[in-house]
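Enquirer: Let me give you the structure first, and then I'll get to my questions.
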Amino acid sequence: MSEPPQLPAVHEAYLPREHALHRPRHGKRQLTALVSALLFFVTPTMLWVVGVRPSEIENHKLAGFPSLGEGFGFFTNLPKWATDQLSFRAGAINAANGISEGVFGEAAPLDQGSASNNGPIPAPPLQQPGTPNTGPSLPSGPGSSQAGYRKVVQGTDGWLYYGYDSEAKCTPAQDIDTTMKRIDELRSAVEASGRKFVFVVTPDKTTMVPQFLPASYPGKECSQAASPNDWYKITTEGHSLDLRPQLAAEAAKVGHPIYAPNDTHWRDEGGLVLTRALADTIKPGATNSWLSAPDGQYDAVADLPLLLGQTGVKTNTRYNLRPDGVTDRAGEFVGSIDQPVHRSAAPIVGTIDQPTLVYGDSFSLASSRYLEAAFTNLTYLAYSTDKTPQSQAVDQFVNSHVVVLQAVERNVSGGLVPFTDEGFISAVKTALAQHPIR
1 MSEPPQLPAV HEAYLPREHA LHRPRHGKRQ LTALVSALLF FVTPTMLWVV GVRPSEIENH
61 KLAGFPSLGE GFGFFTNLPK WATDQLSFRA GAINAANGIS EGVFGEAAPL DQGSASNNGP
121 IPAPPLQQPG TPNTGPSLPS GPGSSQAGYR KVVQGTDGWL YYGYDSEAKC TPAQDIDTTM
181 KRIDELRSAV EASGRKFVFV VTPDKTTMVP QFLPASYPGK ECSQAASPND WYKITTEGHS
241 LDLRPQLAAE AAKVGHPIYA PNDTHWRDEG GLVLTRALAD TIKPGATNSW LSAPDGQYDA
301 VADLPLLLGQ TGVKTNTRYN LRPDGVTDRA GEFVGSIDQP VHRSAAPIVG TIDQPTLVYG
361 DSFSLASSRY LEAAFTNLTY LAYSTDKTPQ SQAVDQFVNS HVVVLQAVER NVSGGLVPFT
421 DEGFISAVKT ALAQHPIR
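All letters in the sequence shown, in the order written, are residues 1 to 438 by the UniProt record's numbering.
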């Protein structure tokens, strides 16, 4: 018995509409999507061939082309690479800002979402004597997903503020009491080994220059309510040096705020205040012979515009620092302390000569020119870095006679302080007990 004749193969789109297997064609839509995707991914390559290069307009490095070895990650990372390679993105952002300011009277909200973690790392100067411009360093982020907060708060007269200054106090990852208790444990471990311990919290820009903040911004009420209590516990239970009076006095002396309008860090005057406070705490009277005077100006990349997809420059006054009243010991700014950085010099009158560890953050970088002038045996290391294993960080404590723990206010208030981890404190305590200084 012969088989029934087979119907010719027919595309499902040509079946009658009432047929169960009928599927309409989307040829025109599919073609449009394919052409759009092709233009999106190929255009950056074609522009690169003719010499057009994208720039790092946001506060991160341009994404590299994903590797096929990443598996499915190749496809998920491809859009990020293509977006970063759009050469005219800066112009589009500026156009969006212009339209928003012209129509709504405010900049486009390009910074919505949680703020970055520890604050932007300060950029090295655009020009320093004998050193090339290396471009801005990169910030790290806290991974917070709190709705409503802004990375950058736009104040009056063109002033910008880091949004995490407020967010940290409103939604801390660790309460201030726990943070102070752990810091006291770390202090006890260091001092029990015969070493000296100095804790210093560097104030946020919102704390020292609040007069340019807008009338309303996310986190205003809760951060202002929390700040007095945080500072009380920081200075009493944490025994931190309180730089606020000296910073205010220095601002009055120079006639302008210590913090730049478009950057979250203090200017060089703040670095000098920190350096003097540390030196006099470690060795009372050490700064009696110090002389310091302005030594020109320099431009540096401002960090807050980068978080808005823009660029900006801040102008700072450079100072010399003569610990003995004669010899200028001010050095160059350190670019990164993600790994230990050591600086040494011959002792002179007015210097701190004990091996000293500055376990700090971006404010240590912003002050490094002057710290190097005051300390002749100095090691820097960031407390928030994945480039230095814990064992190596603990070794820096062991190799030092003085430990300076410097942390910015927002990190302390927000509990983003890895040195309060119980495992880290235990490791430091064990290592220092095995290597006491007598």
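Beta carbons are placed, not taken as given, at the ideal position from N, Cα and C, and that holds for glycine. In this text the structure is predicted, and so the values were computed from the model without any measurement.
Please list the segments of the beta strand (DSSP E) lying wholly inside the stretch 291 to 329, counting only runs of 3 or more residues, in order along the chain.
Expert: Qualifying beta strand (DSSP E) stretches, in chain order: 291 to 301 and 313 to 322.
Enquirer: Rounded to the nearest angstrom, what separates T281 and P389 at their Cα positions?
Expert: Their Cα atoms are separated by approximately 30 Å.
Enquirer: Compute the Euclidean distance between the alpha carbons of E409 and F65, then round it to the nearest angstrom.
Expert: Cα to Cα, E409 sits roughly 38 Å from F65.
Enquirer: Quick check on this structure: which residue in Y164, D295, G71 and E237 has the alpha carbon closest to the alpha carbon of K181?
Expert: Selected option, being the one with the closest Cα: E237.
Enquirer: Taking 9 Å as the cut-off, decide whether the C-beta atoms of L160 and V198 are in contact.
Expert: Not closer than 9 Å, so no.
Enquirer: Which of the three DSSP states is assigned to V428 in this structure?
Expert: Three-state result, V428: helix.
Enquirer: Determine the direct distance from the alpha carbon of Q154 to that of K220, and round the result to whole angstroms.
Expert: So the two alpha carbons sit approximately 13 Å from each other.
Enquirer: Restricting to Cα atoms, I'd like to know which of F333, S193 and V209 is closest to R438.
Expert: The shortest Cα separation from R438 among F333, S193 and V209 belongs to S193.
Enquirer: Would you report the Cα separation of L15 and G69, rounded to the nearest angstrom?
Expert: C-alpha separation (whole angstroms): 42 Å.
Enquirer: Identify every residue that forms a DSSP beta bridge with D395.
Expert: Per DSSP, none; premise fails for D395.
Enquirer: Considering only residues of the same chain and omitting the five flanking positions on each side of residue 439, which have a CB-CB separation below 6 Å?
Expert: Nothing about residue 439 can be reported from this structure: the residues present for the chain run from 1 to 438 only.
Enquirer: So, using beta-carbon positions, are P323 and T356 closer together than 9 Å?
Expert: Cβ distance not < 9 Å, so P323 and T356 don't count as in contact.
Enquirer: Do R329 and A374 have their C-beta atoms closer together than 9 Å?
Expert: Contact flag set, yes.
Enquirer: For Q246, does the three-state DSSP call read helix, strand or coil?
Expert: Correct three-state label for Q246: helix.
Enquirer: Report the option in M208, P79 and P24 whose CA atom is closest to the CA atom of A252.
Expert: Nearest of M208, P79 and P24 to A252, Cα basis: M208.
Enquirer: Using only CA atoms, which one of T264, L416, F397 and A300 lies nearest to R187?
Expert: Nearest option by C-alpha distance: F397.
Enquirer: Should H265 be labelled buried (16 or more other beta-carbon atoms within 10 Å of its own) or exposed?
Expert: H265 should be labelled buried.
Enquirer: Following the continuous beta strand (DSSP E) through V198, name the residue where it begins and the one where it ends.
Expert: K196 to T202 is the extent of the beta strand (DSSP E) around V198.
Enquirer: Quick check on the DSSP output: what are the complete beta strand (DSSP E) runs of length 3 or more inside the stretch 354 to 403, in order along the chain?
Expert: Listed in chain order, the complete beta strand (DSSP E) runs (minimum 3 residues) inside the stretch 354 to 403 are 356 to 360 and 377 to 382.
Enquirer: So who's on the other strand from W266, going by DSSP bridges?
Expert: Looking at the DSSP assignment, W266 forms a beta bridge with Y259.
Enquirer: Taking all protein chains shown into account, decide if Y232 is buried (16 or more other Cβ within 10 angstroms of its Cβ) or exposed.
Expert: By the 10 Å Cβ count, Y232 comes out exposed.
Enquirer: Can you check which of these residues, S289, N316, L291 and L308, is closest to A300 by C-alpha distance?
Expert: Taking only the C-alpha atoms, the option nearest A300 is N316.
Enquirer: Do A277 and L307 have their CB atoms nearer than 9 Å?
Expert: No, Cβ-Cβ distance for A277 and L307 is not below 9 Å.
Enquirer: Hey, out of T43, V404, Q434 and F424, whose CA is closest to H239's CA?
Expert: Comparing Cα positions, the closest option is V404.
Enquirer: For Y149, which of helix, strand or coil comes out of DSSP?
Expert: Looking at Y149 - three-state DSSP - the assignment turns out to be coil, as it is neither helix nor strand.
Enquirer: Would you mind working out which of T179, P261, D263 and G270 sits nearest V254, comparing C-alpha positions?
Expert: Taking only the C-alpha atoms, the option nearest V254 is G270.
Enquirer: Could you please give the first and the last residue of the uninterrupted beta strand (DSSP E) stretch that includes Y161?
Expert: From DSSP, the beta strand (DSSP E) with Y161 extends over L160 to Y162.
Enquirer: State the Cα-Cα distance for the pair A189 and A249, rounded to the nearest angstrom.
Expert: Rounded to the nearest angstrom, the two C-alpha atoms are 34 Å apart.
Enquirer: Assign V408 to one of three DSSP states: helix, strand, or coil.
Expert: V408 falls in the strand class under three-state DSSP.
Enquirer: For V273, which option in K196, D230 and S364 has the closest C-alpha, if you only look at C-alpha atoms?
Expert: Per the Cα distances, S364.
Enquirer: In terms of residue numbering, what span does the alpha helix (DSSP H) encompassing S240 cover?
Expert: From DSSP, S240 is part of no alpha helix (DSSP H); its letter is neither H nor E.
Enquirer: Would DSSP call I183 helix, strand or coil?
Expert: Here I183 sits in helix by DSSP.
Enquirer: Go to R343, then tell me how far its beta strand (DSSP E) extends in each direction, as first and last residue.
Expert: That run of the beta strand (DSSP E) goes V341 to S344.
Enquirer: How far does the alpha helix (DSSP H) with T207 in it reach, from first residue to last?
Expert: Note, T207: alpha helix (DSSP H), K205 to M208.
Enquirer: Quick one, which of A9, K429 and S413 has its alpha-carbon nearest N229's?
Expert: Looking at the Cα atoms, S413 is the closest of the given residues.
Enquirer: Who are the Cβ neighbours of C222 in its own chain at under 7 Å, not counting the five residues just before and after it?
Expert: So the list reads K169 and C170, once near-sequence residues are dropped.
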